[in-house]
Amino acid sequence: MNIFRLAGDVCHLVAIIILLLKIWRSRSCAGISGKSQVLFAIVFTTRYLDLFTVFISPYNTIMKVVFLALSYATVYLIYMRFRNTFNSENDSFRLEFLLVPVIGLSFLENYAFTPLEILWTFSIFLESVAIMPQLFMITKTGEAESITTHYLFFLGLYRALYIANWVWRYHTEGFFDQIAVVSGVVQTIFYIDFFYLYVTKVLRGRGKMTLP
Amino acid sequence: ERVTGRKDEL
Chain A
134 MNIFRLAGDV CHLVAIIILL LKIWRSRSCA GISGKSQVLF AIVFTTRYLD LFTVFISPYN
194 TIMKVVFLAL SYATVYLIYM RFRNTFNSEN DSFRLEFLLV PVIGLSFLEN YAFTPLEILW
254 TFSIFLESVA IMPQLFMITK TGEAESITTH YLFFLGLYRA LYIANWVWRY HTEGFFDQIA
314 VVSGVVQTIF YIDFFYLYVT KVLRGRGKMT LP
Chain B
718 ERVTGRKDEL
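Those sequence lines, one after another, are chains A and B. Residue numbers for the first sequence, in our numbering: 134 to 345. Residue numbers for the second sequence, in our numbering: 718 to 727.
Right, here's the structure in full:
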């Protein structure tokens with residue numbers, strides 16, 4: 134464990150909690166893409182299948198359980214509890230455009246052709262595009278509440294910190310996970326234009342972020 | 718090296 138990965142996990146947890154609290158306190162999921170949240174729940178489910186078979190550390194196990202619980206709680210709030218506030222017509226991204234390439238690629242490019250490895254690879258590739266429905270919704274509605282932008286900021290920052298973690302681990306322990314690194318770089322690239330908007334718009338106290 | 722099996726990252 135190094136400071137970059139710990140900071141990354143904390144940012145990831147903060148992002149998930151920001152979104153969950155926003156939905157719970159405002160009792161509304163307006164402006165939130167339910168599809169992205171479903172994809173994140175799938176990412177955690179397919180990645181943490183070794184939750185009961187491989188023990189790494191108490192931290193690892195606890196964080197996996199927390200991420201699974203919070204992501205399913207978020208999906209529950211969106212599609213069950215506050216479903217009457219869910220504007221599905223804005224959440225119109227075609228998930229098959231993401232799932233088909235990701236499933237195909239995880240069968241082509243993986244470390245081992247075993248169910249657990251393929252599902253892990255699928256979760257890594259899926260995570261890199263899981264935010265697309267949310268970013269698509271923001272470009273479609275042309276705006277995002279500031280709390281949603283804070284959520285996206287921490288979510289993007291988490292994987293950027295993981296890249297720093299991979300650089301650190303490569304130089305200190307020769308660790309190199311090609312699939313995770315390539316996918317993580319692609320994922321972070323998707324956030325770059327958002328980071329620009331976030332810094333120029335939201336942090337200047339503009340409250341709501343309206344796209345040009 | 719390529720990593721398989723033990724995955725210690727979240």
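Where is the CB? At the ideal position from N, CA and C, for every residue including glycine.
With a beta-carbon spacing of about 4 Å, F137 (chain A) and A297 (chain A) fall inside the 8 Å limit used to define contacts. For the 8 Å CB-CB criterion, L344 (chain A) and A263 (chain A) do not form a contact. Judged by pairs of C-beta atoms under 8 Å, the segment 269–287 of chain A does not touch the segment 202–210 of chain A, as fewer than three such pairs exist. Residues of chain B with a Cβ closer than 7 Å to the Cβ of W301 (chain A) do not exist, since the nearest Cβ in that chain sits about 12 Å away. If you look at A202 (chain A), you'll find it in the alpha helix (DSSP H) that goes 191–209. Chain B has no Cβ within less than 8 Å of the Cβ of I149 (chain A).
Taking 8 Å as the upper bound for CB-CB distance, C162 (chain A) and T218 (chain A) are in contact here, some 6 Å apart. Look at F173 (chain A): its C-beta is not under 8 Å from any C-beta on chain B. Fully contained in the segment 280–333 of chain A are the following alpha helix (DSSP H) runs of length 4 or more, in chain order: 311–330.
Residue contact with chain B for M270 (chain A): absent (no Cβ-Cβ distance below 8 Å to any residue of chain B).
Of all residues in the segment 180–191 of chain A, only R180, Y181, D183, V187, I189, S190 come within less than 9 Å of chain B when Cβ atoms are compared, listed by chain position. The beta carbon of Y324 (chain A) sits closer than 6 Å to the beta carbons of G289 from its chain, once the five residues preceding and following it are set aside; these are given in chain order. Taking 9 Å as the upper bound on Cβ-Cβ separation, chain B lies near residues M196, K197, F200 of the segment 196–207 of chain A. Excluding five sequence positions before and after N220 (chain A), the CB atoms of its chain that fall closer than 7 Å to its own CB belong to A163, given in chain order. For P266 (chain A), the number of other beta carbons within 10 angstroms of its own is at least 16, and it is reported as buried.
Distance from the Cα of L259 (chain A) is smallest, within the candidate group A:R337, A:L336, A:V176, for A:V176. Distance from the CA atom of L152 (chain A) to the CA atom of H304 (chain A), rounded to whole angstroms, is 35 Å. R138 (chain A) belongs to the set of residues whose beta carbon lies under 8 Å from a beta carbon in chain B.
In the three-state reduction of the DSSP assignment, M265 (chain A) falls in the helix class.
Chain B places a beta carbon closer than 8 Å to that of N193 (chain A), counting this residue as a contact. In this structure, F226 (chain A) lies away from K155 (chain A), with their beta-carbon atoms at least 8 Å apart. Here the segment 176–186 of chain A lies against the segment 236–255 of chain A, with 3 or more beta-carbon pairs under 8 Å apart.
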